[in-house]
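Q: Chain order of the listed sequences is A and B.
Throughout, the working numbering is defined as the position within the first sequence, counted from one, plus 18.
Throughout, the working numbering is defined as the position within the second sequence, counted from one, plus 18.
Number of protein chains: 2
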Amino acid sequence: MLNPAKPSDTNAPSHDQVYRQMRTRIMHGELAPGTALTLRGLGREFGVSMTPAREAIRRLAAEGALTLSSSGRVTTPDLGNDRIEELAALRGLLEPELASRALPRAHIALIDRLQVINQTIAEAISKQDPVAYLRTNLEFHRTLYLRAQAPAMLAMTETVWLQLGPTMCALYGRLRRTEPPQNHRTIIAALRAGDEPGLRLAVRTDVTQGLKMLVG
Amino acid sequence: MLNPAKPSDTNAPSHDQVYRQMRTRIMHGELAPGTALTLRGLGREFGVSMTPAREAIRRLAAEGALTLSSSGRVTTPDLGNDRIEELAALRGLLEPELASRALPRAHIALIDRLQVINQTIAEAISKQDPVAYLRTNLEFHRTLYLRAQAPAMLAMTETVWLQLGPTMCALYGRLRRTEPPQNHRTIIAALRAGDEPGLRLAVRTDVTQGLKMLVG
DNA sequence: GCATAGTTTATGTGATCACAAAATCACCAC
DNA sequence: GTGGTGATTTTGTGATCACATAAACTATGC
Chain A
19 MLNPAKPSDT
29 NAPSHDQVYR
39 QMRTRIMHGE
49 LAPGTALTLR
59 GLGREFGVSM
69 TPAREAIRRL
79 AAEGALTLSS
89 SGRVTTPDLG
99 NDRIEELAAL
109 RGLLEPELAS
119 RALPRAHIAL
129 IDRLQVINQT
139 IAEAISKQDP
149 VAYLRTNLEF
159 HRTLYLRAQA
169 PAMLAMTETV
179 WLQLGPTMCA
189 LYGRLRRTEP
199 PQNHRTIIAA
209 LRAGDEPGLR
219 LAVRTDVTQG
229 LKMLVG
Chain B
19 MLNPAKPSDT
29 NAPSHDQVYR
39 QMRTRIMHGE
49 LAPGTALTLR
59 GLGREFGVSM
69 TPAREAIRRL
79 AAEGALTLSS
89 SGRVTTPDLG
99 NDRIEELAAL
109 RGLLEPELAS
119 RALPRAHIAL
129 IDRLQVINQT
139 IAEAISKQDP
149 VAYLRTNLEF
159 HRTLYLRAQA
169 PAMLAMTETV
179 WLQLGPTMCA
189 LYGRLRRTEP
199 PQNHRTIIAA
209 LRAGDEPGLR
219 LAVRTDVTQG
229 LKMLVG
């Protein structure tokens, strides 16, 4: 076997499998804010004992994806407006920097891929599928930021996405948007033109505006 | 008992105690890069079983304070130059923002406290005590940033400090600096003058220059 | 009907064990 | 000496158990 880390790595430690599945669930907004999770419940669901479930939970809690009560009970975070604004500011700080670093390495093939993803986003919007919208929207950003060659910065940004996941779930479930992703077109245009300040602004706008309407 | 969370909380979960102690050790540069840690070793050291030690380790690994090998073995991270530069860029992005947010709330009492901490830093330098220097230096920054009322942003910044801890240990153990902290005086002056752009620049300079000389 | 006290259940914490894999060490051939 | 090979020890992983505490429920008294 040439590839030791296949997509579905069945010989990976089970705590890692639990961690990864729960992580994508939370980031994609499949869990509403305040959802309660239990070690034995997760263990039953994934067919493992409490031990791997506990490690996965604590790992997610360390990244801010889960909230621990004082008695150790764990729920998805239910953020207040000030915390949401702060996380939005963090996105507005980190993501333009990532985009700027990706700009010199953004070839045609990358821009084409972004356009394809953008179409998938439009489909998710027209189908009123919040989870698919959130997943493909993050895929758009991650695809761009991967070119920045800045793994620590990208990891930190994904941590912010994680923390916002349940909030996004509640947000997109509430308001039904029908607008196509205009900001993404601006981002692609700036990439094509090699316009660095324009790219920074477009990314910052895209990242900020979606969350501004929630706290209003 | 009016205060349920005393400084030395002996009734806190033991995994939390192990976590906190190891966290400050790493952040203060008491562990050299590449130091190997074992579950049973930590358990013996703290008088607990493997279980709490494991949770503490995994929590620290999730924050980037520890590196896990493919076989699950855990060491303090030994960062390459590109990763150091990236983390320095992260500090240069986050900390000026925190300082800027703290500026309108920086009263005289805070500035006085910063001056006192600055004297302690000078003492640590004259005594050639790298750990005390690192600890008081971080205390200077944290004292300022606490006023920003941005807990998520501060937590993210501390995560960066954590990741840089062992590297700082190696750095300050190598080169023997004798210069007093001039950048901190510039920061304090900008705080006094209410000079927001000057403060951002001073913080960015202080944060960046210390790490630039390492990668050179 | 409702609040409250007592009981029962559910849940997190920590210890211990068995197991497999990896690292270390020792020994031996060359 | 040096390189490789087998045995031994170390180490992480996961399961299971006992225990304490917090939540949920129930019954009882007013």
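Note that the Cβ used here is the ideal one computed from N, Cα and C, for glycine as well.
Since the structure is predicted, the reported quantities are computational estimates derived from the model, not experimental observations.
Considering just the uninterrupted stretch of the alpha helix (DSSP H) at Val178(B), what are its terminal residues?
A: 169-192
Q: Quick one: which chain A residues come within Cβ less than 8 Å of Glu8(B)?
A: What is shown of chain B runs 19 to 234, which leaves residue 8(B) out entirely.
Q: Let me confirm a value: Thr94(B) is counted as buried when at least 16 other C-beta atoms fall within 10 Å, else exposed. Which label applies?
A: buried
Q: Taking any Cβ of chain B, which residues in the stretch 108-127 of chain A have a Cβ under 8 Å from it, in chain order?
A: Closer than 8 Å at the C-beta level to chain B, one finds these residues of the stretch 108-127 of chain A: Leu108, Leu111, Leu112, Glu115.
Q: Quick one: complete alpha helix (DSSP H) runs, 4+ long, within the stretch 100-157 of chain B?
A: 126-144
Q: Anyone know if the C-beta pair for Arg210(B) and Ile143(B) falls short of 8 Å?
A: no
Q: Are there 16 or more other CB atoms within 10 angstroms of the CB of His33(B), so buried, or fewer, so exposed?
A: buried
Q: Give the interface partners of Arg77(A) over in chain B, defined as CB-CB distance under 9 Å, in chain order.
A: Going along chain B in sequence order, the residues near Arg77(A) (Cβ under 9 Å) are Arg76, Arg77, Ala79, Ala80.
Q: Assuming Leu156(B) contacts Leu132(B) under a Cβ cut-off of 8 Å, what Cβ separation, rounded to an integer in Å, is found between them?
A: Their Cβ separation, rounded to whole angstroms, is 13 Å, which puts Leu156(B) and Leu132(B) out of contact at 8 Å.
Q: How many whole angstroms separate the CB atoms of Pro148(B) and Gly47(B), which I take to be in contact at a CB cut-off of 8 Å?
A: 6 Å
Q: Can you say whether Pro1(B) is buried or exposed, counting buried as having 16 or more other CB atoms within 10 angstroms of its CB?
A: Nothing can be reported for residue 1(B): it is not among the residues displayed for chain B, which extend from 19 to 234.
Q: Under 8 Å, do Ala54(A) and Phe64(A) count as touching if we go by C-beta distance?
A: no
Q: What three-state label does DSSP hand Thr85(A) in the structure shown?
A: strand
Q: Does Arg160(B) come within less than 8 Å of chain A when only Cβ atoms are used?
A: no
Q: Nearest by alpha-carbon distance to Cys187(B): which of Gly90(B), Ala140(B), Asp96(B) is it?
A: Asp96(B)
Q: Are at least three pairs of beta-carbons, each pair with one atom in the stretch 80-87 of chain B and one in the stretch 214-227 of chain B, less than 8 Å apart?
A: no
Q: Chain A partners of Glu48(B), CB-CB under 7 Å?
A: Correct list: empty, because the minimum Cβ distance to chain A is about 21 Å.
Q: According to a CB-to-CB cut-off of less than 7 Å, which residues of the stretch 134-153 of chain A neighbour chain B?
A: Listed by position along the chain: nothing, the set is empty.
Q: Given a cut-off of 8 Å on the beta-carbon distance, is the pair Leu182(A) and Leu105(A) in contact?
A: yes
Q: Between the Cα of Ala30(A) and those of Gly90(B), Asn29(B), Glu115(B), spot the shortest distance and give me the residue it belongs to.
A: Gly90(B)
Q: Based on DSSP bridge pairs, tell me the residues matched to Val225(A).
A: Residue pairing of Val225(A) in beta bridges, as defined by DSSP: absent, with no partner found.
Q: In the DSSP assignment, find the unbroken alpha helix (DSSP H) run with Asn29(B) in it and report its ends.
A: Here Asn29(B) belongs to no alpha helix (DSSP H), and DSSP marks it neither H nor E.
Q: With DSSP collapsed to three states, give me the class of Thr56(B).
A: Here Thr56(B) sits in coil by DSSP.
Q: Do you know offhand how far Met19(B)'s Cα is from Leu164(B)'s?
A: The predicted model places Met19(B) with a pLDDT of 37, which falls under 50 and marks its position as unreliable, so this point remains unresolved.
Q: Pick helix, strand or coil for Val36(A), following the three-state DSSP scheme.
A: helix
Q: Excluding sequence positions up to five away, which residues of its chain have a Cβ less than 7 Å from the Cβ of Gly216(B)?
A: Ala208
Q: Measuring CA to CA, which of Ile206(A), Glu73(A), Ala150(A) is closest to Ala127(A)?
A: Ile206(A)
Q: Could you give the C-beta distance for Met68(B) and Gly59(B), rounded to a whole number, given that I count them as a contact under 8 Å?
A: Not a contact, Cβ separation roughly 10 Å.
Q: Only counting the same chain, and skipping five residues up and downstream in sequence, which positions put a Cβ closer than 6 Å to that of Glu73(B)?
A: His33
Q: List the residues of chain A whose Cβ lies closer than 9 Å to the Cβ of Arg101(B), in chain order.
A: Pro169, Ala170
Q: What's the call for Arg109(A), buried or exposed, on a 16-neighbour Cβ count within 10 Å?
A: buried
Q: So what does DSSP say about Thr93(B), is it helix, strand or coil?
A: strand
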